[in-house]
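In order, the protein sequences belong to chains A and B.
To convert, note that position 129 of the first sequence is 129 in UniProt numbering; the numbers rise steadily by one, no gaps.
To convert, note that position 122 of the second sequence is 122 in UniProt numbering; the numbers rise steadily by one, no gaps.
For reference, the structure discussed in these notes is given below.
2 protein chains.
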Amino acid sequence: MAEGSDDIQALITLMGRLPGLGPRSARRIVLQLIRKRSGQMTQLAQLLDRVATNSRECLTCGNITDSDQCAICSDPRRDTGEICVVEDVADLWALERGNSFRGRYHVLGGTLSALDEIGPEDLGIPALLERIENQNVREVILALNATVDGQTTAHYIADILNDMGVAVTGLAHGVPIGGELDYLDDGTISAALNARRKL
Amino acid sequence: MAEGSDDIQALITLMGRLPGLGPRSARRIVLQLIRKRSGQMTQLAQLLDRVATNSRECLTCGNITDSDQCAICSDPRRDTGEICVVEDVADLWALERGNSFRGRYHVLGGTLSALDEIGPEDLGIPALLERIENQNVREVILALNATVDGQTTAHYIADILNDMGVAVTGLAHGVPIGGELDYLDDGTISAALNARRKL
Numbered sequence: 001m002a003e004g005s006d007d008i009q010a011l012i013t014l015m016g017r018l019p020g021l022g023p024r025s026a027r028r029i030v031l032q033l034i035r036k037r038s039g040q041m042t043q044l045a046q047l048l049d050r051v052a053t054n055s056r057e058c059l060t061c062g063n064i065t066d067s068d069q070c071a072i073c074s075d076p077r078r079d080t081g082e083i084c085v086v087e088d089v090a091d092l093w094a095l096e097r098g099n100s101f102r103g104r105y106h107v108l109g110g111t112l113s114a115l116d117e118i119g120p121e122d123l124g125i126p127a128l129l130e131r132i133e134n135q136n137v138r139e140v141i142l143a144l145n146a147t148v149d150g151q152t153t154a155h156y157i158a159d160i161l162n163d164m165g166v167a168v169t170g171l172a173h174g175v176p177i178g179g180e181l182d183y184l185d186d187g188t189i190s191a192a193l194n195a196r197r198k199l
Numbered sequence: 001m002a003e004g005s006d007d008i009q010a011l012i013t014l015m016g017r018l019p020g021l022g023p024r025s026a027r028r029i030v031l032q033l034i035r036k037r038s039g040q041m042t043q044l045a046q047l048l049d050r051v052a053t054n055s056r057e058c059l060t061c062g063n064i065t066d067s068d069q070c071a072i073c074s075d076p077r078r079d080t081g082e083i084c085v086v087e088d089v090a091d092l093w094a095l096e097r098g099n100s101f102r103g104r105y106h107v108l109g110g111t112l113s114a115l116d117e118i119g120p121e122d123l124g125i126p127a128l129l130e131r132i133e134n135q136n137v138r139e140v141i142l143a144l145n146a147t148v149d150g151q152t153t154a155h156y157i158a159d160i161l162n163d164m165g166v167a168v169t170g171l172a173h174g175v176p177i178g179g180e181l182d183y184l185d186d187g188t189i190s191a192a193l194n195a196r197r198k199l
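The structure is reproduced here in structure tokens:
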């Protein structure tokens with residue numbers, strides 16, 4: 001046993017399974033934590049325990065929160081007439097960091113997939129439709145990833161909503177702010193060219 | 001507040017300060033943990049708490065352990081006649097993974113540094129000398145890093161031990177196993193050339 005104790009070894013293994021980490025980076029992290037065991041490490045253990053105990057999904061939108069309704073769904077200043085549909089909570093957080101959307105969200109928790117047998121019910125699409133009917137929603141923004149599954153899901157939802165008479169929009173494709181043309185993929189460049197606008 | 005709750009945000013900040021992680025990777029890790037909050041996350045919190053509570057330095061060698069003596073110092077099959085001196089616990093673990101040294105260790109916890117005012121007492125060098133005198137040590141291997149501070153510390157210890165009549169050795173420099181000459185720095189290549197051996 002090279003690494004101190006069984007617990008330390010188990011900790012390194014567990015850490016090494018986190019996304020983006022491996023055995024080497026996990027060892028480095030665990031050693032630094034042990035060096036700061038009375039401060040940083042204890043604090044981290046307590047926070048992890050608290051977040052594990054308190055976290056749950058917002059009953060309305062599926063965002064991660066520590067109460068029945070997330071901060072966004074319980075904020076009266078956020079427009080209930082606009083719902084932005086995202087694949088997962090990471091996307092919701094990313095849009096919130098953008099700080100320009102003032103409506104509400106709906107987290108699908110994945111995309112439709114015939115291969116993985118994920119249907120509309122698994123993604124809470126009936127719940128989304130119910131929400132749209134009951135809350136007088138004017139516009140639904142489908143902010144799904146530009147992958148095949150993401151776009152299939154977007155089309156599926158758009159078809160239903162168009163029949164319901166709700167405005168459906170998608171995020172614009174184009175050159176990222178600060179992006180260099182030379183480094184962009186061909187698909188993005190032609191999308192940006194097709195959607196060119198008058199200056 | 002984009003990220004769920006104050007606790008989640010504090011957790012992301014704390015995670016993002018670990019070596020090799022930043023805000024983006026910390027967010028990804030925390031989201032994955034929350035997804036597995038009843039399993040992986042709770043387990044991680046418990047392990048961190050246990051390791052933080054139980055970890056301490058081995059009273060003999062300075063290795064991280066959960067008792068007064070580490071597994072190496074309390075293993076009667078490990079040769080007490082050889083002591084390998086390392087800068088920190090990460091180096092000890094690395095040598096143990098190599099699985100070819102069967103003696104004992106001594107962790108300095110740093111290197112001599114005039115700039116940072118780190119003297120021999122701060123590194124427990126008197127304790128090392130006492131250990132060498134009392135335990136009938138035949139050979140001391142100085143496995144310190146090939147940095148200026150590491151080599152200064154090695155020379156300081158070697159001078160004292162030579163006066164005490166103990167054999168002092170250092171790790172060989174040369175081409176790493178599996179290494180390609182083209183990618184090696186000039187210093188390593190000339191060291192390997194100077195220490196060339198008959199085949």
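All C-beta atoms, glycine included, are put in the ideal place defined by N, C-alpha and C.
Here the structure is a predicted model, which means the values were calculated and not measured.
Would you kindly work out how many angstroms separate the C-alpha atoms of residue i and residue j, rounded to a whole number?
i, j, result
"residue 65 (chain B)", "residue 175 (chain B)", "33 Å"
"residue 70 (chain A)", "residue 87 (chain A)", "17 Å"
"residue 156 (chain A)", "residue 149 (chain A)", "11 Å"
"residue 17 (chain B)", "residue 36 (chain B)", "22 Å"
"residue 40 (chain A)", "residue 91 (chain B)", "22 Å"
"residue 143 (chain B)", "residue 181 (chain B)", "23 Å"
"residue 46 (chain A)", "residue 20 (chain A)", "23 Å"
"residue 153 (chain A)", "residue 110 (chain A)", "9 Å"
"residue 102 (chain A)", "residue 80 (chain A)", "9 Å"
"residue 133 (chain A)", "residue 30 (chain B)", "34 Å"
"residue 13 (chain B)", "residue 129 (chain A)", "36 Å"
"residue 164 (chain A)", "residue 15 (chain A)", "47 Å"
"residue 26 (chain A)", "residue 119 (chain B)", "31 Å"
"residue 28 (chain B)", "residue 74 (chain A)", "25 Å"
"residue 49 (chain B)", "residue 54 (chain A)", "18 Å"
"residue 112 (chain B)", "residue 123 (chain B)", "8 Å"
"residue 196 (chain A)", "residue 170 (chain A)", "16 Å"
"residue 158 (chain B)", "residue 141 (chain B)", "10 Å"
"residue 24 (chain B)", "residue 24 (chain A)", "20 Å"
Does any residue of chain B bring its CB to less than 8 Å from the CB of residue i?
i, result
"residue 52 (chain A)", "yes"
"residue 89 (chain A)", "yes"
"residue 10 (chain A)", "yes"
"residue 42 (chain A)", "yes"
"residue 14 (chain A)", "yes"
"residue 25 (chain A)", "yes"
"residue 29 (chain A)", "yes"
"residue 59 (chain A)", "no"
"residue 186 (chain A)", "no"
"residue 7 (chain A)", "yes"
So, does the CB of residue i fall closer than 8 Å to a CB anywhere in chain A?
i, result
"residue 20 (chain B)", "yes"
"residue 66 (chain B)", "yes"
"residue 134 (chain B)", "no"
"residue 3 (chain B)", "yes"
"residue 32 (chain B)", "yes"
"residue 144 (chain B)", "no"
"residue 77 (chain B)", "no"
"residue 55 (chain B)", "yes"
"residue 194 (chain B)", "no"
"residue 48 (chain B)", "yes"
"residue 172 (chain B)", "no"
"residue 45 (chain B)", "yes"
"residue 201 (chain B)", "Look at the range of chain B in this structure, 1 to 199, and you will see that residue 201 (chain B) is not part of it."
As a quick exercise: from the options, pick the residue whose alpha carbon is nearest that of residue i.
i, options, result
"residue 206 (chain A)", "A:195, A:20, A:60", "Residue coverage of chain A in this structure runs from 1 to 199, which leaves residue 206 (chain A) outside it and unanswerable."
"residue 51 (chain A)", "B:144, B:180, B:11", "B:11"
"residue 189 (chain A)", "A:173, A:178, A:197", "A:173"
"residue 105 (chain B)", "B:137, B:114, B:119", "B:137"
"residue 108 (chain A)", "A:145, A:25, A:48, A:54", "A:145"
"residue 131 (chain B)", "B:178, B:22, B:62, B:27", "B:62"
"residue 135 (chain A)", "A:83, A:44, A:124", "A:83"
"residue 99 (chain B)", "B:147, B:78, B:186", "B:78"
"residue 7 (chain B)", "A:67, A:4, A:6, A:33", "A:67"
"residue 260 (chain A)", "B:139, B:95, B:3", "Since the displayed chain A opens at 1 and closes at 199, residue 260 (chain A) lies outside it and no answer follows."
"residue 166 (chain A)", "A:139, A:94, A:76, A:97", "A:139"
"residue 93 (chain A)", "B:198, B:115, B:5", "B:5"
"residue 161 (chain B)", "B:178, B:184, B:85, B:9", "B:85"
Regarding residue i and the ligand COA, is the C-beta to nearest heavy atom distance less than 7 Å?
i, result
"residue 137 (chain B)", "As for the ligand COA, it is missing from this structure, which has no ligand bound."
In terms of residues, what are the limits of the alpha helix (DSSP H) holding residue i?
i, result
"residue 46 (chain B)", "42–54"
"residue 23 (chain A)", "23–35"
"residue 6 (chain A)", "6–16"
>> Extract the residue ranges of the alpha helix (DSSP H) inside the stretch 160–199 of chain B, only unbroken runs of 4 or more that lie entirely within it.
In response: 186–194
> Mind pulling the beta strand (DSSP E) runs of 3 or more residues that sit fully within the stretch 78–147 of chain B?
Replying inline: 82–86, 104–107, 139–142
> Whole beta strand (DSSP E) runs in the UniProt zinc finger region "C4-type" (58–73) of chain B with 3 or more residues, listed along the chain?
Replying inline: none
>> For the stretch 99–127 of chain A, list every residue whose C-beta sits within 9 Å of some C-beta in chain C, in sequence order.
In response: In the structure shown, chain C does not exist; the protein chains are A and B.
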